[in-house]
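Position 82 of the sequence shown, counted from 1, bears residue number 82 in our numbering, the numbering being contiguous throughout.
I have placed the structure first, in the form of structure tokens, so that the comments after it can refer back to it.
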Amino acid sequence: MPNLTKLTDQEIASRINDSPQLASLRSINTALGELINAENSFTSQIAEIIRRDPSLTSRLLKLVNSVFFGLSRQVNNIEEAIFYLGLRQIRELALATPVIEDFENLSTGTPQINWRDLWQHSIGSAICSREILAVANVTYEDETDYIVGLVHNVGKIVMAFCFPDELEEICSHPVHSTEDFCRLEKEVIGWDHAKIGSYYLKRHRMSPEIVEATRFHNDPEKAPKYKKTSAAVQVADHMVRTAGITGLEKTEKPTEEDWMKLPGWKILFGFKKSEQELSAANLRHTVDRLPSILKGLV
């Protein structure tokens with residue numbers, strides 16, 4: 001291991017404090033979000049706002065023309081794409097697009113790392129965290145159930161900006177599990193990505209629920225208030241890995257049985273085997289369709 005000096009808590013916090021603020025975390029496509037949530041919105045109005053964002057337009061058309069939808073002809077019209085995707089998926093795209101773009105800008109100091117894997121993992125976790133919480137009958141009036149999955153690994157991106165040499169060193173070591181990866185982060189930097197990410201999101205004044213779920217997504221049983229939200233992110237993270245989308249750490253692919261051994265699974269679905277198996281069956285379809293969805297997004 002190169003001669004990297006382990007930092008103090010104060011030095012770590014100071015570096016994170018010097019990292020840039022991300023506009024997308026302060027205001028995630030407000031205009032589109034308000035329009036989609038309005039009862040009297042027309043497809044043409046939504047399409048007009050989407051046209052103002054070339055990146056969102058590109059992702060929208062790429063997704064609707066992906067293998068997942070299997071359409072017999074190419075769709076080049078935004079109104080038609082909205083018809084096929086539906087407002088929920090448009091809203092998710094509107095949330096993910098500016099966040100991923102900001103993440104990409106923050107991670108430019110480590111070009112040797114394949115960030116596309118992490119973007120796919122982040123969006124996949126967002127899709128799964130929303131599905132998991134729905135199956136567990138946990139409801140939200142806003143987009144928290146999606147955002148917690150989307151930003152749970154923001155600490156790794158902050159590491160790329162604040163600790164690029166350390167991150168490169170960490171990623172050069174093969175690991176068997178997320179626990180091994182977190183242990184390595186603590187050895188090299190002093191904090192793991194969950195602690196770094198939650199500190200960063202708190203500075204952005206994200207909601208306490210999102211901050212806590214980020215901090216405890218690997219240890220949801222330790223979450224002081226939002227155990228189920230934290231648990232959903234832990235399970236989502238493993239489900240996405242089951243689909244072969246591992247992110248930065250190239251861990252072994254977990255099985256469906258591995259989900260049920262997680263503390264987060266027990267928090268959400270209890271200990272009764274019949275109920276656990278029913279919940280797993282409901283979520284299996286989400287995992288099966290993830291690769292084709294993400295191929296159309298990232």
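The beta carbon of each residue, even a glycine, is placed where N, CA and C say it ideally should be.
A residue is called buried when at least 16 other Cβ atoms come within 10 angstroms of its Cβ; A160 meets this threshold and is buried. For L118, the enclosing alpha helix (DSSP H) stretches over residues W115 to V135. By the beta-carbon neighbour count (other beta carbons within 10 angstroms, threshold 16), E252 is exposed.
An exposed status is given to T5, since fewer than 16 other beta-carbon atoms sit within 10 Å of its beta-carbon. If you look at S44, you'll find it in the alpha helix (DSSP H) that goes T43 to R51.
The beta carbons of Q234 and M260 sit no closer together than 7 Å. Excluding five sequence positions before and after G190, the CB atoms of its chain that fall closer than 6 Å to its own CB belong to K6, L7 and I12, given in chain order. Contact between T178 and N218 holds: CB atoms are separated by about 6 Å, below the 8 Å threshold.
Comparing alpha-carbon positions, the option among A213, L262 and S292 lying closest to G244 turns out to be S292. With a contact defined as Cβ atoms closer than 8 Å, I210 and V138 miss out at about 14 Å. Per DSSP, the unbroken alpha helix (DSSP H) holding R215 starts and ends at P208 to R215. R289 is classed as exposed because its beta carbon has fewer than 16 other beta carbons within 10 Å across all chains shown. Uninterrupted alpha helix (DSSP H) stretches at least 4 residues long and entirely within the region 210-297 occur at 227-242, 256-260, 263-269 and 273-295, given in chain order.
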